[in-house]
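Colleague: Please find one structure pasted underneath; my questions will follow.
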Amino acid sequence: MAVSLSTNAVKLYSPVTGQYYGECRGHSTTINHISFSGASTPHVLHSCSSDGTIRAWDSRSFQEVSCISAGNSQEVFSFSFGGSNDNLLAAGCQSQILFWDWRNKKQVACLEDSHVDDVTQVHFAPDHRSKLVSASVDGLICIFDTEGDINDDEHLESVINVGTSVGKVGFLGGKQQKLWCLTHIETLSVWDWKGAKNEASFQDARLLASNSWALDHVSLSC
Numbered sequence: 001m002a003v004s005l006s007t008n009a010v011k012l013y014s015p016v017t018g019q020y021y022g023e024c025r026g027h028s029t030t031i032n033h034i035s036f037s038g039a040s041t042p043h044v045l046h047s048c049s050s051d052g053t054i055r056a057w058d059s060r061s062f063q064e065v066s067c068i069s070a071g072n073s074q075e076v077f078s079f080s081f082g083g084s085n086d087n088l089l090a091a092g093c094q095s096q097i098l099f100w101d102w103r104n105k106k107q108v109a110c111l112e113d114s115h116v117d118d119v120t121q122v123h124f125a126p127d128h129r130s131k132l133v134s135a136s137v138d139g140l141i142c143i144f145d146t147e148g149d150i151n152d153d154e155h156l157e158s159v160i161n162v163g164t165s166v167g168k169v170g171f172l173g174g175k176q177q178k179l180w181c182l183t184h185i186e187t188l189s190v191w192d193w194k195g196a197k198n199e200a201s202f203q204d205a206r207l208l209a210s211n212s213w214a215l216d217h218v219s220l221s222c
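Just so you know, UniProt numbering puts 11 at position 11 of the sequence shown, and the rest follows in order with no gaps.
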C-alpha cells in the first residue's frame, strides 16, 4: 500500500498488517497521483508531481528506477499507461496532454488545443486501450483515439461539457462503458462515454454518501 505525503515522499505499508516498509523520495514539490504498475511488474510504483516529473520506483528497494520530465515550467497532475500496443504514457499537464513512448522515454505527441486549463485527469479505457479520456478545470471531458500520429484535429472523437471544474473521473460498469465524473464543487454525474450522453446527475455527492451511513451504536473498551 502506497501513501503520498505533504513532505513530497511516498510511504509504503503492508495492506494486511499496516507495517511500515519504507519511503521513496525524489519529488521536490506536491505529488498529485500515484499508482502501481501492471501485473507483469507489480513491484513498480509510479508517481507524478507538480515538479513536472513522472517517476518510477522499485517498491522493494525504495529506489528510483526511471524519471520522465514534462519540462521545468510544467506540472503533471495525472498519468496513464495504455495505447493499442500498451507503449504509451499520457500525462495531464497545464492545459496540455503529453505522450511518451515509455519504452524509450521519447515524447511522441502534445495535445494543446483541446483544453484551456489544467488537465486534472487522463485515463486510457480499460477495454479500449487506444481510447483516452481527459478531464480539466475548464469543465470539459475529451475522448481521443490515440492510434497513429496523435493530434488534436484528427484524434479528438467527442467532448462532454460538464459545465464546471472536473476533479476526478473513472470507468464503471461490466464492460467499462460508463464514466463517472466528480467535480470540484462535489457534483457527481454518470455518462455513456462512447455516446457522450449524460445518464445520471447528483447535485451533492458528499451529502448523498453521508445520508447512507448508519451509525446506531458505538462502544469503546480500554
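Virtual Cβ for every residue (Gly too), placed ideally from N, Cα, C. Predicted model, so just to flag it, every value in this text is computed and none were measured.
(1) Just to confirm the assignment: which complete beta strand (DSSP E) runs, minimum length 3, are found wholly within the stretch 122-191?
(2) Which full runs of the alpha helix (DSSP H) of 4+ residues lie inside the stretch 49-111, going along the chain?
(3) Check for me: the beta strand (DSSP E) holding LEU5 runs from which residue to which?
(4) Just mark GLN94 as buried or exposed, buried being the case when its beta carbon has 16 or more other beta carbons within 10 Å.
(5) Of the choices LYS175, TRP102 and GLY139, whose alpha-carbon is the least far from that of LEU166?
(6) With a 10 Å radius around its C-beta and 16 neighbouring C-beta atoms as the bar for buried, classify THR146 as buried or exposed.
(7) Run through the DSSP bridge pairs and tell me what ASP118 is partnered with.
(8) Which word fits ILE185, buried or exposed, when buried means at least 16 other C-beta atoms lie within 10 angstroms of its C-beta?
(9) Nearest by alpha-carbon distance to PHE79: which of ALA56, GLU64, GLN63 and ASN72 is it?
(10) Going by C-alpha distance, which of ALA125, LEU98 and HIS128 is nearest ASP118?
(11) Apply the 10 Å Cβ neighbour rule to GLY195 and answer buried if 16 or more other Cβ atoms are within range, or exposed otherwise.
(12) So HIS33 is in the beta strand (DSSP E); what residue range does that whole segment cover?
(13) Out of LYS178, ASP153, VAL169 and VAL44, state which residue places its alpha-carbon closest to the alpha-carbon of VAL65.
Modeller: On the basis of the supplied data:
(1) Counting only runs of 3 or more, we get 128-136, 140-145, 156-161, 166-172 and 178-183.
(2) Look at the stretch 49-111 and you find no whole run of alpha helix (DSSP H) that is 4 residues long or longer.
(3) Within the sequence shown, numbered from 1, the residue matching residue 5 stands at position 5. Looking at the DSSP string, LEU5 is not in any beta strand (DSSP E), and its letter there is neither H nor E.
(4) Locating residue 94 in the sequence shown gives position 94, where the first residue counts as 1. Flag for GLN94 reads buried.
(5) Here residue 166 corresponds to residue number 166 of the sequence shown, with the count starting at 1. Position check: residue 166 holds Val in this sequence, whereas Leu was assumed. Nearest option by C-alpha distance: GLY139.
(6) Position 146 of the sequence shown, counted from the start, is the residue given in the question as residue 146. So THR146 counts as buried.
(7) As a position in the sequence shown, residue 118 is number 118, starting the count at 1. Its beta-bridge partners are GLN94.
(8) Taking the sequence shown and counting its residues from 1, the one referred to as residue 185 is at position 185. By the 10 Å Cβ count, ILE185 comes out exposed.
(9) Taking the sequence shown and counting its residues from 1, the one referred to as residue 79 is at position 79. Taking only the C-alpha atoms, the option nearest PHE79 is ALA56.
(10) Looking up residue 118 in the sequence shown gives position 118. For ASP118, the closest of ALA125, LEU98 and HIS128 by C-alpha to C-alpha distance is LEU98.
(11) Along the sequence shown, one-based indexing puts residue 195 at 195. If you draw a 10 Å sphere on the C-beta of GLY195, you find fewer than 16 other C-beta atoms in it, and that means exposed.
(12) Counting from 1 along the sequence shown, the entry for residue 33 is found at position 33. 31-36 is the extent of the beta strand (DSSP E) around HIS33.
(13) Position 65 of the sequence shown, counted from the first residue, corresponds to residue 65. Looking from the CA of VAL65, the closest CA among LYS178, ASP153, VAL169 and VAL44 belongs to VAL44.
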